[in-house]
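Participant: My structure is below; once you've seen it, I'll send some questions.
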Amino acid sequence: MKTTFEKLPAVDGSVACLTCGCGARSDLEMERSIGVGFGSAGYSKNGEMLWQECGEEFDELPTVQQVEDMAKADPDND
Numbered sequence: 145m146k147t148t149f150e151k152l153p154a155v156d157g158s159v160a161c162l163t164c165g166c167g168a169r170s171d172l173e174m175e176r177s178i179g180v181g182f183g184s185a186g187y188s189k190n191g192e193m194l195w196q197e198c199g200e201e202f203d204e205l206p207t208v209q210q211v212e213d214m215a216k217a218d219p220d221n222d
């Protein structure tokens, strides 16, 4: 299957809070949950939002490892 987009190099670092810039990191622990106290957190694929926090209980939030596993299972998409 031919890909229809250009694969770019990984972005160095991240910002945990887009509102205040707090929490800039170059890596995240795989067991870390994806969620926030205010604002929003989520993940997308090919520009389509697949999940965004909607006030779930902490133990229902996805972990970085779960999202990484989904990405590895479908490497031709971003």
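Just so you know, we're using my numbering here: the sequence shown kicks off at 145 and counts up by one. Beta carbons: idealized from backbone N, C-alpha and C, even for Gly.
How long is the line joining the alpha carbons of Asn-190 and Glu-204, rounded to whole angstroms?
Facilitator: Those two C-alpha atoms are separated by around 24 angstroms.
Participant: Can you list, in chain order, the residues of its chain with a C-beta nearer than 8 angstroms to that of Glu-212? Leave out the 5 residues immediately preceding and following it.
Facilitator: Around Glu-212: Met-174.
Participant: For Met-174, which three-state DSSP category applies?
Facilitator: Met-174: coil per DSSP, three-state reduction.
Participant: Just confirm the distance between the C-beta atoms of Ser-188 and Glu-197, as a whole number of angstroms; I'd bet it's less than 8 angstroms.
Facilitator: With 8 angstroms as the limit, Ser-188 and Glu-197 do not qualify as a contact, their Cβ atoms being about 13 angstroms apart.
Participant: Closest to Ser-177 by CA distance: which of Glu-192, Leu-152, Thr-207, Ala-215 is it?
Facilitator: Ser-177 has its Cα closest to that of Thr-207, out of Glu-192, Leu-152, Thr-207, Ala-215.
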